[in-house]
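Peer 1: Quick one: the structure is below, and I'll ask about it shortly.
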Ligand SMILES: [Zn+2]
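In this note's numbering, the protein residues as written are 7 to 142.
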């Protein structure tokens, strides 16, 4: 992958990282609700739900930051844009849509197929013994 293209992605990652961390600073102050306005249980429940939602959002952001960090590390190591599985270049169009992608389209599709197979395998687990005896 060309150096100028890699640098473009690097700027995108650093900007996204900065924004997430900046948002975090804005959200924090009201993360803990004031003890004064904590009237009844209904409001408390709503507050809990809101906090739970924020935590989920927050976890997603942390996960994304982790992916950004991994992508930045790959840039440092000079392997950014290479498929983790087959080592081929990941399609640029795919990277532009999903900069933290670590698999090329065909490897990703293969992985998703495998996941579907695993999921259906789990669904039919109760049939496992029957299937085994049929094939035996
Ligand atoms: Zn691949």
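Ideal Cβ placement from N, Cα and C applies to all residues, glycine included.
What you are looking at is a predicted structure, and each value in this text was computed from that prediction instead of being measured.
With a threshold of 7 Å (Cβ to nearest heavy atom), would residue 91 be considered close to ligand 1?
Peer 2: Indeed, a heavy atom of ligand 1 lies less than 7 Å from the Cβ.
Peer 1: Do you know how far the Cα of residue 86 is from the Cα of residue 77?
Peer 2: Looking at the two C-alpha atoms, the distance is approximately 7 Å.
Peer 1: Using the Cβ count rule (16 or more neighbours within 10 Å means buried), how would you classify residue 107?
Peer 2: When all chains shown are included, residue 107 counts as buried.
Peer 1: Return helix, strand or coil for residue 88, following the three-state DSSP convention.
Peer 2: Note: residue 88 maps to strand in three-state DSSP.
Peer 1: Is the stretch 10-27 touching the stretch 100-119 in the sense that three or more CB pairs, one from each, lie closer than 8 Å?
Peer 2: Touching, per the Cβ criterion.
Peer 1: Would you say the stretch 49-63 touches the stretch 7-16, given that touching needs at least three Cβ pairs under 8 Å?
Peer 2: In short, these stretches do not touch, since the Cβ pair count stays below three.
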